[in-house]
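Undergrad: Residue numbers (mature numbering (1 follows the signal peptide of the UniProt record, and there is no 0)): -28 to -1, 1 to 676.
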């Protein structure tokens, strides 16, 4: 009897053991954390890690599989703490918007006066092409030419001209002159103008420095910037330039994430390692002279024996001057701003994409890159002196997401010219942007938040540098699909100086204490916080589209209430219309993962929601135009305790263009929220905003 019972329980025990074993084996195949950034998302969806069909988190949130799991997608970055999705950048909804732009030719006339440089005397001369004069004005037998000298008058707000001074054929230009406006007219009839032109000059410095063989081995650092260009849109709109930067020696950073809303916070982080807010430790960036008190990369390179240069092509939205005071003292050796300010006023201009496009006979973009070309000729091709130069263009891309389509051939053409001049034999070249397109149709699409937050970054290392520092090349290859920020790039350029001068020390970078030089291997599992990227700008955590609920509408209305409260506090209620909540366009919830990659509930039940909503302005009924503003905001909250919601107004993105409606306001944070009432209020605002700028406290994150 006892033996039969033992045999019976032995069989049951064996069956139970086999069932447990089968269960363990099946569940062991759930998730492999070693999946790399190129793994297609449809393979990932086979695992419980990202498969969210009918999955309910601890906070009670139910996701919809079709909305989180679009097909044919992979990741730019895939790690424990960062998952940046890779959308189809050539999707029909995007490509159908890219209509060909009209390419404008500023002039068809040949040059009457041309600039020549004598390598022996190191002087420029002005050559008059007599046959061109006869071609342009056959009825004029004699003509005369003069120039006005362009100079910087005190600070960034003023520039001026001296002259006129008439010149003879091939007359040398004095070495102190940095810019010229040239005009030729019929002899004795100055009003009968034949041609006007303008030239920026890169003069060889009158220096008594002794030759420095060690310094002449240093790599030049050339930074080429295109405003508002995401890496995805770069590939769509500039195929010729993409082809150029795909050659050996170039490295692309696919996980490069912006750190602030507009140009200033991203460019200031590159040049100083600080945000504008963090610069308050030194001075208020709104105050005159503040920008001169900060320490820039060009200061460090100047101390190492480099020549320094900085150029932008639209003076009205210059990075350090738009709604700010700019530099009291000239910041670099070769500075194009005084010239650009003068020619924009003195020459005939043609606007395109909202800004001066043709200035006289040239594209505004050409002034910047011809200036760069002169730097390359003078100090790389003819006589080597290491350069640190930043050359930035806004004119094609700042206001138009299609402008890059006609910039492409021109930009690639300059790169080919630079190559012939030997730039890529001696220089580290960086092609980058500050951010992607920030408003308009692109950012209103489902992947618009990626367009806005992932600017392009391509880095070129010359052959000799790759051979001398092979670890840098390896690090850049490794970092291609790792999260990076402009703080890492800032540290990389400091790393170059450390290579050149071992033992050199820098002040601690406050912008991102955990950041590392991009020229060294970045941690695989770093988070946005590690890279100095605030949550609203972070693309690391996937969001799932959710069905709008009442409390989400409540959150959007709360945002509008806070916006109106800010405008009242800033005394703009009599200048700008009050905003009214209209509708919630889209709601998304941030997904959270455990260390194994499994979807879990939000920590402490605090969810992050990304809301896209519309507002209208409370304008008189007689207004013919409906004033609509589109916003995207990231909000953290516990849906059971909505009274304690924190809303950071600087982290609200305006998705539609607002340039034409906000001329009455000169404070950047308020511009996003304003529809001006009338011209009279606009004049009042100019005085009011100036007083506010001088007396009010600096908002904590106003320029972040």
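We put the CB at the ideal spot given by N, CA and C, even for glycine.
Per DSSP, which one or two residues make a beta bridge with residue 432?
TA: Partner(s): 222, 401.
Undergrad: What runs of the alpha helix (DSSP H), each 4 residues or longer, lie entirely inside the region 308 to 370?
TA: The qualifying runs are 309 to 318, 336 to 348.
Undergrad: Pull the bridge partners of residue 200 from the DSSP assignment, please.
TA: None; residue 200 has no bridge partner.
Undergrad: Thinking C-beta only, is residue 360 closer than 7 Å to residue 193?
TA: Going by C-beta atoms, residue 193 is nearer than 7 Å to residue 360.
Undergrad: Could you pull out every residue in the same chain whose Cβ sits closer than 8 Å to the Cβ of residue 133, ignoring the five residues on either side in sequence?
TA: Same-chain partners within the cutoff: 120, 121, 122, 123, 153, 314, 318.
Undergrad: In angstroms with no decimal places, state the Cα-to-Cα distance between residue 250 and residue 76.
TA: Rounded to whole angstroms, residue 250 to residue 76 spans 42 Å at the Cα level.
Undergrad: Among the residues of its own chain, which have a CB less than 6 Å from the CB of residue 261, if the five just before and after it don't count?
TA: Once the five neighbours on either side are set aside, the close Cβ partners of residue 261 are 300.
Undergrad: Opposite residue 157 in the DSSP bridges: which residues?
TA: Residue 157 is bridged to 116, 165.
Undergrad: From residue 136 to residue 118, what distance separates their C-alpha atoms?
TA: So the two alpha carbons sit approximately 6 Å from each other.
Undergrad: Tell me which residues share the same chain as residue 544 and place their Cβ nearer than 7 Å to its Cβ, disregarding the 5 neighbours each side in the sequence.
TA: If we look at residue 544 and ignore the five residues flanking it on each side, its Cβ neighbours are 637, 642, 646.
Undergrad: Report buried or exposed for residue 531, applying the criterion of at least 16 other Cβ atoms within 10 angstroms of its Cβ.
TA: Classification of residue 531: buried, given that the 10 Å Cβ count is 16 or more.
Undergrad: Among the residues of its own chain, which have a CB less than 6 Å from the CB of residue 171, if the five just before and after it don't count?
TA: 87, 152, listed in sequence order.
Undergrad: Would you mind listing the alpha helix (DSSP H) stretches within the region 215 to 274 that are 4+ residues and don't spill past its ends, in chain order?
TA: If we require 4 residues or more, the alpha helix (DSSP H) runs fully inside the region 215 to 274 come out as 235 to 244, 262 to 265.
Undergrad: Determine the closest residue to residue 411 out of 630, 270, 537, with distance taken between C-alpha atoms.
TA: Of the candidates 630, 270, 537, the one whose C-alpha sits nearest the C-alpha of residue 411 is 630.
Undergrad: Where does residue 489 sit, in a helix, a strand or coil, going by DSSP?
TA: If DSSP states are grouped into helix, strand and coil, residue 489 belongs with coil.
Undergrad: Got a sec: does the ligand NAD put a non-hydrogen atom nearer than 6 Å to the Cβ of residue 563?
TA: Questions concerning the ligand NAD fall outside what the structure shown contains, since it holds no ligand whatsoever.
Undergrad: To which residues does DSSP link residue 558 through a beta bridge?
TA: Residue 558 pairs with 584.
Undergrad: Take residue 552 and list the residues in its own chain whose beta-carbon comes closer than 8 Å to its own, dropping the five residues that flank it on each side.
TA: Excluding positions up to five away in sequence, the list reads 532, 587, 588, 589, 590.
Undergrad: Tell me which residue opens and which closes the alpha helix (DSSP H) that residue 105 is part of.
TA: Residues 102 to 108.
Undergrad: Kindly list the residues whose CB is nearer than 6 Å to the CB of residue 342, restricted to its own chain and excluding five residues on each side of it in sequence; keep chain order.
TA: Here the set comprises nothing.
Undergrad: Measuring CB to CB, does residue 306 end up less than 7 Å from residue 281?
TA: Against a cut-off of 7 Å, the Cβ pair of residue 281 and residue 306 comes out as a contact.
Undergrad: Considering only their Cβ atoms, is the gap separating residue 425 from residue 207 smaller than 7 Å?
TA: It is not a contact, given that the beta carbons lie outside the stated cut-off.
Undergrad: Under 8 Å by Cβ, that's how I've got residue 188 and residue 441 pegged, so tell me the actual separation to the nearest angstrom.
TA: That pair is no contact at about 18 Å.
Undergrad: So, with DSSP's three-state summary, where would you put residue 129?
TA: Residue 129 falls in the coil class under three-state DSSP.
Undergrad: With a threshold of 16 other CB atoms inside 10 Å of the CB of residue 522, please say whether the residue is buried or exposed.
TA: Classification of residue 522: exposed, given that the 10 Å Cβ count is below 16.
Undergrad: Take the Cβ of residue 265 as the centre, count every other Cβ of all protein chains shown within 10 Å, and call the residue buried at 16 or more, exposed below.
TA: Exposed, by the Cβ-count rule.
Undergrad: According to DSSP, is residue 501 helix, strand or coil?
TA: Of the three classes helix, strand and coil, the one that applies to residue 501 here is coil, per DSSP.
Undergrad: Would a C-beta distance cut-off of 7 Å place residue 627 and residue 538 closer than the cut-off?
TA: No, Cβ-Cβ distance for residue 627 and residue 538 is not below 7 Å.
Undergrad: If we ignore side chains and look at the alpha-carbon of each, how far apart do residue 142 and residue 175 end up?
TA: Approximately 17 Å between the Cα atoms of the pair.
Undergrad: May I ask you to list the residues that DSSP assigns as paired with residue 552?
TA: Looking at the DSSP assignment, residue 552 forms a beta bridge with 588.
Undergrad: Only counting runs of 4 or more residues, tell me where the alpha helix (DSSP H) segments fall wholly within the region 46 to 85, in order along the chain.
TA: 64 to 67, all fully within the region 46 to 85.
Undergrad: Report buried or exposed for residue 375, applying the criterion of at least 16 other Cβ atoms within 10 angstroms of its Cβ.
TA: Buried is the call here.
Undergrad: By Cβ distance below 8 Å, which residues in the same chain neighbour residue 73 in space, the five residues on each side in sequence not counted?
TA: Cβ neighbours of residue 73 beyond the five flanking positions: 372, 374, 375, 377, 378.
Undergrad: Return the chain-ordered list of same chain residues with a C-beta closer than 6 Å to the C-beta of residue 36, the five sequence neighbours on each side being excluded.
TA: The pLDDT assigned to residue 36 is 35, lower than 50, so where the model puts this residue is not dependable; a value taken from the coordinates is nonetheless given after this. The answer is none, since no qualifying residue turns up.
Undergrad: Which residues does DSSP list as the beta-bridge partners of residue 189?
TA: In the DSSP output, where bridge partners are listed per residue, residue 189 has none listed.
Undergrad: Work out the CA separation of residue 55 and residue 610 for me, nearest whole Å.
TA: C-alpha separation (whole angstroms): 24 Å.
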